[in-house]
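There are 2 protein chains.
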Amino acid sequence: MKLDAVTSRILKFIDERGFRQKGAFNLRYNGQAVCHGDTENIRIVKKKDNPGIDVYISGGTKGEEIHIPVVVAASGMTDVVYNDFYVEDGADVIIVAGCAIHNDGCNEARHDGIHSFHVGKNAAVRYEEKHYGEGEGTGEKILNPATKIYMGENSVFTLDTAQIKGVDSTVRETYVEAGKNARLYVTEKLMTHGEQSAISNMEVQLNGDDSSAQIVSRSVARGRSSQVFHPKAVGNALCHAHIQCDSIIMDQARVSSIPEINANYLDAQIIHEAAIGRINSAQLIKLRTFGLTESEAEAVIIEDFLK
Amino acid sequence: MKLDAVTSRILKFIDERGFRQKGAFNLRYNGQAVCHGDTENIRIVKKKDNPGIDVYISGGTKGEEIHIPVVVAASGMTDVVYNDFYVEDGADVIIVAGCAIHNDGCNEARHDGIHSFHVGKNAAVRYEEKHYGEGEGTGEKILNPATKIYMGENSVFTLDTAQIKGVDSTVRETYVEAGKNARLYVTEKLMTHGEQSAISNMEVQLNGDDSSAQIVSRSVARGRSSQVFHPKAVGNALCHAHIQCDSIIMDQARVSSIPEINANYLDAQIIHEAAIGRINSAQLIKLRTFGLTESEAEAVIIEDFLK
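Protein sequence lines, in the order shown, are assigned to chains A and B.
Using our numbering, read the first sequence as starting at 29 and increasing by one per residue.
Using our numbering, read the second sequence as starting at 29 and increasing by one per residue.
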């Protein structure tokens with residue numbers, strides 16, 4: 029099908045790999061799946077009980093991409109979607125999700141994406157989720173993702189999330205259970221500005237021996253925005269976890285970081301590091317001596333920090 | 029007055045500098061002040077409305093020690109005490125507090141020490157507080173200290189707390205407000221064993237420009253004991269805070285560390301680090317090659333860690 033200009037344009041913000049109507053894909057637009065495709069290994073089935081899709085990924089999948097972006101372009105719309113992923117033993121897959129909101133009206137536009145991942149043994153999943161908001165109206169752009177991940181033995185899950193800009197309010201809920209020798213990698217990038225508010229809660233239960241989690245969160249808070257991070261790692265077995273949260277505050281912004289590490293087992297080893305501070309002034313001065321204006325220099329530092 | 033043998037013995041655990049009935053001192057025994065002394069600079073006054081004392085420390089105080097230990101040696105006793113310290117501008121003082129419980133009975137023995145410190149400009153306070161429990165009985169030894177510290181301009185406060193052993197249950201509440209250029213140093217050491225439980229909540233509000241806080245918490249959890257740490261640093265001005273929590277878990281113990289860092293101001297710079305893990309096995313092996321038994325080697329490592 030032919031996409032309108034706004035949709036084509038804003039899809040690029042949330043799907044940097046490039047959304048195309050081929051391979052395994054599903055485009056949800058204003059609360060409806062408007063086009064979709066399957067492949068030999070990947071089957072996307074519309075849910076009967078709830079809005080959303082079930083995605084079946086066979087063990088034969090090797091490096092295939094699934095693109096399932098969401099666009100909300102209507103002011104006053106609340107779109108709630110339940111997507112479930114069944115990843116068979118041994119599959120290797122890249123899932124590109126995310127939501128772009130274009131709101132020119134005065135009512136809020138909201139998307140709640142509830143995603144569950146059932147990851148089989150020896151499977152590898154890379155899940156990318158970008159959030160973006162724009163529009164001339166006064167209506168808020170709200171994104172509340174909930175992500176549940178159940179990791180089987182020897183599986184690897186990479187969760188790569190980014191909230192680029194324009195999201196007025198977000199509450200992110202992430203829950204992970206890691207089985208034996210399962211390895212979780214999380215990268216979270218968050219930028220807020222204006223009067224925006226962002227809350228990110230994450231709980232990782234390390235239940236299997238030799239399971240591990242590496243969580244890196246980087247954020248920039250500008251304007252009068254506020255951010256709260258609450259990552260929680262629970263070690264119930266011989267496991268390793270490392271949480272690192274770094275935030276830059278600018279202007280009148282506020283950031284809270286409340287990491288929680290729980291060791292319930294002798295051989296659980298959990299480390300956390302967090303830092304909040306302003307832009308490094310030495311870096312700023314150095315860039316300005318190269319002829320950059322203050323705001324150009326800030327932009328370079330922030331881009332590098334969130335890279 | 030002549031102290032009984034048990035009191036003399038257990039006072040040594042909580043007052044390593046040595047309790048003597050001279051200088052500024054106050055010994056509280058089973059809920060009563062049994063002896064006390066003032067000096068030219070330091071006046072200890074029994075409260076009229078509540079159990080406890082008001083301690084007035086003049087600006088002329090330079091390096092004097094105040095010893096105010098508490099002993100609870102009666103099963104079934106709950107001793108609640110309110111001690112307030114008024115530290116004048118420019119004073120320099122060392123306050124040695126702490127509580128030792130000897131409980132041979134089957135009922136709980138409990139001490140709640142509620143301490144407030146009103147610290148003047150340019151004053152320096154070192155506050156040492158040790159907690160210790162012992163006794164052959166089945167009655168619990170419970171210590172719930174609450175410490176409030178209000179720091180004036182350019183003041184320095186060093187809070188040195190240690191729970192040595194034998195305390196079945198503790199809930200520690202610490203609250204600090206730091207004014208301009210005030211510097212706070214906190215060292216917390218905690219050892220739990222058996223079925224013991226320890227909770228430590230700490231909130232530091234950095235309100236003045238150039239204020240700073242350095243918080244170091246080290247703990248060892250053995251047996252089936254549990255520990256929860258919740259230090260919170262709030263930066264409301266140009267300030268620095270560094271929180272470091274390190275815990276060793278042994279046996280079937282559990283440790284939770286929930287540091288919270290809040291930056292409400294552009295020039296607040298706050299860092300947190302936490303780690304939970306078992307005893308370093310390389311260190312253990314090295315010590316054992318020197319001929320130490322496993323438990324001797326463990327004891328050396330723990331002692332070094334808590335030093």
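Cβ coordinates follow ideal geometry from the N, Cα and C atoms, glycine included.
{"Asked": "Can you name, in chain order, every residue of its own chain whose Cβ lies under 7 Å from the Cβ of T67(A), other than the five neighbours on each side?", "Found": "G51, A52, E92"}
{"Asked": "At a CB-CB cut-off below 8 Å, which residues of chain B make contact with H300(A)?", "Found": "S285, P287, H300, E301, A302, A303"}
{"Asked": "Check whether the region 89-105 of chain B and the region 33-40 of chain B touch, using three or more Cβ-Cβ pairs below 8 Å as the test.", "Found": "yes"}
{"Asked": "Enumerate in chain order the residues of its own chain whose CB-to-CB distance from I122(B) is below 6 Å, with the five nearest sequence positions on each side excluded.", "Found": "E93, R154"}
{"Asked": "Just the chain B side, please: which residues come within less than 8 Å of R282(A) by C-beta, in chain order?", "Found": "N290, A291, N292"}
{"Asked": "I'd like the span of the beta strand (DSSP E) that includes T198(A), first residue to last.", "Found": "197-206"}
{"Asked": "At the 8 Å Cβ level, is T233(A) part of the contact set with chain B, yes or no?", "Found": "Position check: residue 233(A) holds Gln in this sequence, whereas Thr was assumed. By this cut-off, Q233(A) is not an interface position."}
{"Asked": "As a quick exercise: from I170(A), E223(A), R306(A), pick the residue whose alpha carbon is nearest that of V248(A).", "Found": "R306(A)"}
{"Asked": "Assuming S197(A) and E216(A) make a contact with CB atoms under 8 Å, what is their CB distance in whole Å?", "Found": "Wrong, their Cβ atoms sit about 17 Å apart, outside the cutoff."}
{"Asked": "Report all residues from its chain with a CB closer than 6 Å to the CB of G161(B); omit the five preceding and five following residues, and keep chain order.", "Found": "I129, K169, G194, V195"}
{"Asked": "By the 10 Å Cβ neighbour count, where 16 or more other Cβ atoms means buried, how is I313(B) classified, buried or exposed?", "Found": "exposed"}
{"Asked": "What's the gap between the Cα of D238(A) and the Cα of I298(A)?", "Found": "13 Å"}
{"Asked": "Which residues in the same chain have their Cβ closer than 6 Å to the Cβ of N290(A), if we skip the five residues on either side of it in sequence?", "Found": "V262"}
{"Asked": "Any beta-carbon of chain A closer than 8 Å to the one on Q297(B)?", "Found": "yes"}
{"Asked": "If you check the beta carbons only, do A102(A) and N58(A) fall under 8 Å apart?", "Found": "yes"}
{"Asked": "Please check the pair C273(A) and S245(A), which I expect to be a contact at CB under 8 Å, by giving their CB distance rounded to whole angstroms.", "Found": "4 Å"}
{"Asked": "Go ahead and pull the three-state DSSP assignment for D332(B).", "Found": "helix"}
{"Asked": "How is F318(B) classed by DSSP in three states: helix, strand or coil?", "Found": "coil"}
{"Asked": "Quick check on S285(B): does DSSP put it in helix, strand or coil?", "Found": "strand"}
{"Asked": "Can you find the residues in the same chain that come closer than 7 Å, C-beta to C-beta, to G367(B), ignoring five residues on each side of it along the sequence?", "Found": "In the structure as shown, chain B begins at 29 and stops at 335. Residue 367(B) is therefore absent and cannot be evaluated."}
{"Asked": "Taking only beta-carbon positions, decide if R246(B) is within less than 8 Å of chain A.", "Found": "no"}
{"Asked": "Since A281(A) and R316(A) are thought to touch, with beta carbons under 8 Å apart, how far apart are those beta carbons, to the nearest angstrom?", "Found": "At roughly 22 Å, the Cβ-Cβ gap does not stay under 8 Å, so A281(A) and R316(A) are not in contact."}
{"Asked": "Counting only beta-carbon separations shorter than 8 Å, does I277(B) have a partner in chain A?", "Found": "yes"}
{"Asked": "Do you know how far the Cα of V147(A) is from the Cα of E156(B)?", "Found": "53 Å"}
{"Asked": "Evaluate A310(A) with the Cβ neighbour count: other Cβ atoms within 10 Å of its Cβ, from every protein chain shown; 16 or more gives buried, anything less gives exposed.", "Found": "exposed"}
{"Asked": "How would you call Q233(A), buried or exposed, if buried means at least 16 neighbouring beta carbons within 10 angstroms?", "Found": "buried"}
{"Asked": "Could you pull out every residue in the same chain whose Cβ sits closer than 6 Å to the Cβ of R211(A), ignoring the five residues on either side in sequence?", "Found": "V184, S240"}
{"Asked": "Is DSSP giving F41(A) helix, strand or coil here?", "Found": "helix"}
{"Asked": "Helix, strand or coil for T186(B) per DSSP?", "Found": "strand"}
{"Asked": "In angstroms with no decimal places, state the Cα-to-Cα distance between V256(B) and F47(B).", "Found": "32 Å"}
{"Asked": "Whole angstroms is fine: what's the gap from G236(A)'s alpha carbon to A303(A)'s?", "Found": "30 Å"}
{"Asked": "My assumption, with CB atoms under 8 Å, is that F145(A) sits in contact with V108(A). Please give the rounded CB distance.", "Found": "In fact, because the Cβ distance is near 18 Å, the residues do not count as touching under 8 Å."}
{"Asked": "Can you list, in chain order, the residues of its chain whose CB lies under 8 Å from that of E326(B), leaving out five sequence neighbours each side?", "Found": "M278, I307, L312"}
{"Asked": "So, helix, strand or coil for Q49(B), using DSSP?", "Found": "coil"}
{"Asked": "CA-CA distance, D188(B) and A226(A)?", "Found": "37 Å"}
{"Asked": "Determine, for R250(B), whether the minimum Cβ-Cβ distance to residues of chain A falls below 8 Å.", "Found": "no"}
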